[in-house]
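Comments concern the structure below.
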Amino acid sequence: MKSVYIRGNASLYGEVTIQGSKNAALPIMAAALLVPGMCVLRNCPRISDVDHMCRILTSVGCRIDRRGRQIGIDAAALTDSRLPEEYVTRMRSSIMLMGPLLGRIGEVTLSHPGGCVIGDRPIDLHVKALSAMGAVCRDDGRQLCAVSRGLRGTAVRLAYPSVGATENVIMAAVLADGATLLENCAQEPEIFWLCDFLSHCGASIEQRGPGRLLICGRRRLHPCVYTIPPDRIVAGTYLCACLAAGGEIFLKGAPAGENDALEKTALRMGAVLRRTGTGLAVKRAGPLRSPGRVETGSFPAFPTDLQSPLLAALTQAEGESGLKETVFNGRFGVVKELNRMGAGIVVKKDTALVPGGRRLTGERVRASELRGGAALVIAGLCAEGDTLVENRSYVDRGYEDICRDLRFLGACVQDG
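Below is the structure:
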């Protein structure tokens, strides 16, 4: 079992380059199914979720040409609509293949998606939206099947601005007959990048105000070469690491305007941030202060993917903090492990109360999901003694090499 070994109680200094975005790469890889030809994606992160997506695409007839961080996807010979259970149950984002497969070949069959255990993530939003566009969906509790003799554009209003459902509707709509007006859709940066990729392939997508997209179906898309943007969540994770451990770091390539909620929180906590043309400088020289209450939500609110890393940093702040989770009801799973290190966090319904000012001690802890695993690594950085974070495979789903990156920042971190 892979793990991360951390020798704690040391500040961070140095520079690290932010990898390509997981949350942008995966839907863009799925969208390549809509293109009968070779799309080339540059700066793809070398993470296990991208590996799994490559295997899924290969299983349905795509030809994959992978060279380091560049991936060529040729979907000209797309033949199969059945997604292999082995990979689907490992990766929640496989649900996003419904839209492109329905749009391209009119059918899809997949097991209920898996991935990290962070709470209820119902797929009914996907099913309702795709059904409104003409898909016939059947769910027997084990498998989800959908077929269509031709998707049609229509008005779709999501009951909740789900990122995954938004992506599925966009991908289903670009080849549908007629126009689709998508309302109350997610506004996360990854939605923009997906639309930008599809536009480079010839799709017609127009923003009609906040949370509103007009998608006019095309008969055919064409291949393109596209560069995956830097990962805002990885950048935010390392910002939280600097808040927790102290020091001064530079996040090369950290995207501007995509982490405003975190950056405003960091400023309230006493950090000094300086944006340059190439990235973000982060400094924490003095005591860390409580930001008061922080609440997660859909973009531009504080991102749920950075809730756990911030939780680790809040343990070091002076004064009590409150962190309310409104997106995933199981996202406080990491609290038990943080408390084993001395965090003293109390969870009341949807809010974690963090007393702050705690001296954490190194422990043998276990990751149970992606962002919680990263939070345990951050806790290890500011703990007294040594920490071993087991189940590193969860962390590898979203971080190319968290040990390598933290070593660039001067941390004593090793592969275990």
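Under full-length UniProt numbering, the very last position in the sequence shown is 416; numbers go up by exactly one each time.
We put the CB at the ideal spot given by N, CA and C, even for glycine.
The structure displayed is predicted, hence computed values, not measured ones.
Next item on the list: Take every Cβ of the region 258-278, pair it with every Cβ of the region 337-355, and state whether three or more of those distances are shorter than 8 Å.
Entry: no
Item checked: CA-to-CA distance, Thr237 to Val294, given in whole angstroms -> 16 Å
Item checked: Helix, strand or coil at Lys349 [DSSP, three-state] -> coil
Item checked: Unbroken stretches of the beta strand (DSSP E), 3 residues or longer, contained in the region 132-220 -> 136-139, 143-147, 155-157, 179-183, 204-207 and 212-216
Check: What are the boundary residues of the alpha helix (DSSP H) that includes Thr109?
Finding: From DSSP, Thr109 is part of no alpha helix (DSSP H) but of the beta strand (DSSP E) over Glu107 to Ser111.
Item checked: Assigned exposure category for Cys116 - 16 Cβ within 10 Å defines buried -> Its pLDDT being 45, under 50, Cys116 is placed unreliably in this model, and the coordinates cannot settle the point.
Next item on the list: Please state whether DSSP places Glu86 in a helix, a strand or coil.
Entry: helix
Next item on the list: With a threshold of 16 other CB atoms inside 10 Å of the CB of Tyr399, please say whether the residue is buried or exposed.
Entry: buried
Margin query: Given this structure, state the Cα-to-Cα distance separating Leu130 from Val169, to the nearest angstrom.
Written below: 7 Å
Notebook entry, point to check: Is the distance from the Cβ of Met17 to the Cβ of Lys283 below 8 Å?
Noted result: Just to set this straight, residue 17 is Thr in the shown sequence, not Met. Result no, Cβ atoms of Thr17 and Lys283 do not sit closer than 8 Å.
Next item on the list: Can you check DSSP and say which residues form a bridge with Lys252?
Entry: Thr17 and Gly279
Checklist line | Arg331 versus Phe302: straight-line alpha-carbon distance, rounded | finding: 14 Å
Next item on the list: Using a Cβ-Cβ cut-off of 8 Å, state whether Glu15 counts as contacting chain B.
Entry: Checking the listed chains, one finds no chain B in this structure; it contains a single protein chain.
Check: DSSP on Gly99, reduced to helix/strand/coil?
Finding: helix
Next item on the list: Return yes when the Cβ of Leu34 is within less than 8 Å of the Cβ of Arg104, no when it is not.
Entry: yes
Notebook entry, point to check: Among Leu12, Arg55, Tyr394 and Asp386, which one has its Cα closest to the Cα of Glu363?
Noted result: Asp386
Check: Beta carbon of Tyr13, beta carbon of Gly410: below 8 Å?
Finding: yes
Checklist line | Whole-angstrom distance between Gly333 and Gly119, CA atom to CA atom | finding: Low confidence applies to Gly119: its pLDDT is 41, below 50, so where it sits in the model is not reliable, and the reading given next is rough at best. If I take the Cα positions, the gap works out to 9 Å.
Notebook entry, point to check: What do you get for Thr180, buried or exposed, if any count of 16 or more other CB atoms within 10 angstroms of its CB means buried?
Noted result: buried
Next item on the list: Output yes or no for whether 8 Å exceeds the beta carbon distance between Thr166 and Ile191.
Entry: yes
Next item on the list: Can you have a look at His222 and say buried or exposed, based on whether 16 or more other CB atoms are within 10 angstroms of its CB?
Entry: exposed
Margin query: Tell me the DSSP secondary structure of Phe328 in three-state form.
Written below: coil
Next item on the list: Rank Gly134, Gly342, Ala374 and Arg366 by C-alpha distance to the C-alpha of Arg359 and give the top, closest one.
Entry: Gly342
Margin query: Taking a contact to mean a Cβ-Cβ separation below 8 Å, would you say Arg371 touches Asp415 in this structure?
Written below: no
Notebook entry, point to check: To which residues of the same chain is Gly61 closer than 7 Å at the C-beta, ignoring the five residues directly before and after it?
Noted result: Ala77, Leu78, Thr79 and Asp80
Item checked: Reference Tyr87; option with closest CA among Leu262, Ala10 and His112 -> His112
Check: So which of Phe250, Ala245, Tyr160 and Thr276 has the shortest CA-CA distance to Gly297?
Finding: Tyr160
Next item on the list: Note down, one range per segment and in chain order, each alpha helix (DSSP H) of at least 4 residues found wholly within the region 386-413.
Entry: 392-395 and 402-408
Next item on the list: Would you kindly check if the distance between the Cβ of Gly106 and the Cβ of residue 420 is under 8 Å?
Entry: In the structure as shown, the chain begins at 1 and stops at 416. Residue 420 is therefore absent and cannot be evaluated.
Notebook entry, point to check: DSSP state of Thr227, grouped into three classes?
Noted result: strand
Notebook entry, point to check: Using the C-alpha atoms, what's the distance from Asp401 back to Ile228?
Noted result: 18 Å
Notebook entry, point to check: The beta strand (DSSP E) spanning Gly297 covers which residue range?
Noted result: Neither: Gly297 is in no beta strand (DSSP E) and is coded neither H nor E.
Note to self: Less than 7 Å between C-beta atoms, sequence neighbours within five positions excluded: which residues of the same chain meet that for Arg197?
What the structure shows: Note that residue 197 is Phe in the sequence shown, not Arg. These residues qualify, in order along the chain: Ile28, Ala31 and Tyr226.
Checklist line | Contact set for Asp231: own chain, Cβ-Cβ below 7 Å, skip 5 residues either direction | finding: Ile18, Gln19, Gly20, Ser21, Lys22 and Pro45
Checklist line | Coarse secondary structure for Asp51, derived from DSSP in three states | finding: helix
Next item on the list: Select from Ala379, Phe328 and Glu369 the residue whose C-alpha is nearest the C-alpha of Tyr394.
Entry: Glu369
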